[in-house]
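First the structure, in the form of structure tokens, and then the observations on it.
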Amino acid sequence: MTTEEKKVRQMPKGGRKGGSSFPRVALKDAIGYARKLVSRTHTAPQPKDVIFSGVFGAKGGKGGVRIAALKQYGFLKGDVKTNFSADDLAKKVAAAPSEELVPLYRQAMLKPKIFKKLFDTFQGDKVSKAKLKQRAADLKVHPDETSTCVDLYVSGMTIAGLVTVEGDQVNHLASDFATASTAIAADVEELESINEESGGEEPSEAEDSNGERAGVAASGANDDGKVIGPGQSGPRAVFNVNVTLDSSLDIEKLQKQLELLKRFGAI
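Letter 241 of the sequence shown, counting from 1, is numbered 241 in the working numbering, and no numbers are missing.
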């Protein structure tokens, strides 16, 4: 067989072209698939064909692309052998009220390595989409895919509140603000988890007594009702503080809350 007679191998249309991987599904669509995934796999992990038809409505190459994308966003876990199910982040998105969704979207957008590197490179800066494409190429994204990568990056980061778009310019939120928001959201979830594990027990009688003593000390009187002078020491106050942080607040309000808590020794 001559060289001319050899068939040239062609990749199927829509197939991966190589280079660094990134989610080839927009965050908005991935969120919709994640919600369906939570519902479909609520009782048990499901095989690939069930996920393809019941969650994605697509088979073959398209279904595989969507599975890969949801894995990169942190919405899906599993494989062909163990079957597929919703990951923790997908469950949180499906259960969260609207005011708590943005920090979860930020976690999803910062999970894919390419998106994280793009954001880390330009955090706090305003850059053109051409500059983003250049950086994507530096990160080994296939030359034919840099436009798609940047479009998906910008659309997802906009939903997550990490960038704003002005014409061709993309303004990135400062990294410290983004990190603080996602970190606080994670800390709040951890505190809630600890509280649930402890059974949410009510304060004991000793704790109630300590609270009453603290109130008396704050009013400037001792147990006998006598006013305590400036040079006299009263009973030591013991405070029981329940801290609730709203992760959807802007960074300035969150910082003010943290400063108040530090001032009163709550943290």
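Even glycine gets a Cβ: it sits at the ideal position worked out from N, Cα and C.
key: Contact set for Lys-116: own chain, Cβ-Cβ below 7 Å, skip 5 residues either direction   = Taking the sequence shown and counting its residues from 1, one reaches residue 116 at position 116. Setting aside the 5 residues that flank it on each side, Lys-116 is surrounded in the same chain by Leu-110, each with a C-beta closer than 7 Å to its C-beta; the list follows chain order.
Candidates Phe-84, Thr-121, Val-80, Arg-106: closest to Lys-92 by CA position = On the sequence shown, position 92 is the one that residue 92 refers to. Looking at the Cα atoms, Arg-106 is the closest of the given residues.
Own chain residues within Cβ distance below 6 Å of Lys-129, not counting five before or after = For the purposes of this step, residue 129 is taken as the residue at position 129 of the sequence shown. So the list reads Val-150, Asp-168, once near-sequence residues are dropped.
query = How is Gln-46 classed by DSSP in three states: helix, strand or coil?
reply = For the purposes of this step, residue 46 is taken as residue 46 along the sequence shown, with counting starting at 1. Here Gln-46 sits in strand by DSSP.
Cβ distance (whole Å) where Ser-20 is taken to contact Val-141 below 8 Å = For this step, residue 20 is matched to residue 20 along the sequence shown. For this step, residue 141 is matched to residue 141 along the sequence shown. In this structure, Ser-20 and Val-141 form a Cβ contact; the two beta carbons are roughly 5 Å apart against a cut-off of 8 Å.
Residue range of the alpha helix (DSSP H) that includes Asp-120 = By 1-based counting over the sequence shown, the position of residue 120 is 120. Start and end: 113-122.
key: Outcome for Gly-60 when other beta-carbon atoms lying within 10 angstroms are tallied against a minimum of 16   = Your numbering for residue 60 matches position 60 in the sequence shown. Exposed, because fewer than 16 other Cβ atoms sit within 10 Å of the Cβ of Gly-60.
ask   = If you count every other CB in all the chains shown that lies within 10 Å of the CB of Glu-145, and 16 or more means buried, which is it?
value = Stepping through the sequence shown from its first residue, residue 145 is reached at position 145. Glu-145 should be labelled buried.
query = With a cut-off of 8 Å, do at least 3 Cβ pairs link the region 65-82 to the region 24-39?
reply = With the cut-off at 8 Å, the region 65-82 and the region 24-39 touch.
ask   = How close, in whole Å, do the beta carbons of Leu-139 and Val-170 come, if the pair is a contact with beta carbons under 8 Å?
value = For the purposes of this step, residue 139 is taken as residue 139 along the sequence shown, with counting starting at 1. For the purposes of this step, residue 170 is taken as residue 170 along the sequence shown, with counting starting at 1. About 16 Å separates the two Cβ atoms, so there is no contact after all.
request  = Report the rounded CA-to-CA distance for Ala-58 versus Leu-27, giving the unit in angstroms.
outcome  = As a first step, residue 58 is located in the sequence shown; it is residue number 58 there, counting from the start. As a first step, residue 27 is located in the sequence shown; it is residue number 27 there, counting from the start. Computed Cα separation, rounded: 18 Å.
query = When we look at the beta-carbon of His-172 and count the other beta-carbons within 10 Å, is it buried (16 or more) or exposed?
reply = Residue numbering aside, residue 172 sits at position 172 when the sequence shown is read from its first letter. His-172 is buried by the Cβ-count criterion.
message = Going residue by residue through the region 122-169, where are the continuous beta strand (DSSP E) segments of at least 3 residues, counting only ones entirely within it?
response = DSSP runs (the beta strand (DSSP E)) wholly in the region 122-169: 126-128, 163-166.
inquiry  = For Lys-59, would you say it is in contact with chain C, using Cβ-to-Cβ distances shorter than 8 Å as the test?
reply    = Among the chains in the structure shown there is no chain C, since it carries only a single protein chain.
ask   = With 16 other CB atoms within 10 Å as the buried threshold, where does Gln-46 fall?
value = Numbered from 1 along the sequence shown, position 46 holds the residue referred to as residue 46. For Gln-46, the number of other beta carbons within 10 angstroms of its own is at least 16, and it is reported as buried.
request  = With a 10 Å radius around its C-beta and 16 neighbouring C-beta atoms as the bar for buried, classify Asp-120 as buried or exposed.
outcome  = Start at 1 with the first residue of the sequence shown, and residue 120 comes out as number 120. Note on Asp-120: under 16 other CB atoms within 10 angstroms of its CB, so exposed under the neighbour-count rule.
inquiry  = Just to check my reading of the structure: Pro-23 and Leu-152 have Cβ atoms closer than 8 Å, yes? What is that Cβ distance to the nearest angstrom?
reply    = Reading the sequence shown from its first residue, position 23 is the one you call residue 23. Reading the sequence shown from its first residue, position 152 is the one you call residue 152. Contact between Pro-23 and Leu-152 holds, with the beta-carbon distance rounding to 7 Å and staying under 8 Å.
key: DSSP three-state assignment for Ser-21, whether helix, strand or coil   = Here residue 21 refers to the residue found at position 21 when the sequence shown is read from its first residue. Three-state DSSP puts Ser-21 in coil, outside helix and strand.
ask   = Taking the C-alpha atoms as reference points, what is the distance between Phe-84 and Phe-56?
value = Taking the first residue of the sequence shown as 1, we reach residue 84 at position 84. Taking the first residue of the sequence shown as 1, we reach residue 56 at position 56. Roughly 13 Å between the two C-alpha positions.
request  = With a 10 Å radius around its C-beta and 16 neighbouring C-beta atoms as the bar for buried, classify Glu-205 as buried or exposed.
outcome  = Counting from one through the sequence shown, the residue named residue 205 turns up at place 205. Confidence is the limiting factor: at Glu-205 the pLDDT is only 47, short of 50, which leaves the residue's position unreliable, though a coordinate-based value still follows. The residue in question, Glu-205, is exposed, as its Cβ has fewer than 16 Cβ neighbours within 10 Å.
task = Please list, in chain order, all residues of the same chain as Phe-52 whose beta carbon is under 7 Å from its beta carbon, the five residues on each side excluded.
result = Numbered from 1 along the sequence shown, position 52 holds the residue referred to as residue 52. Ala-58, Lys-59, Gly-63, listed in sequence order.
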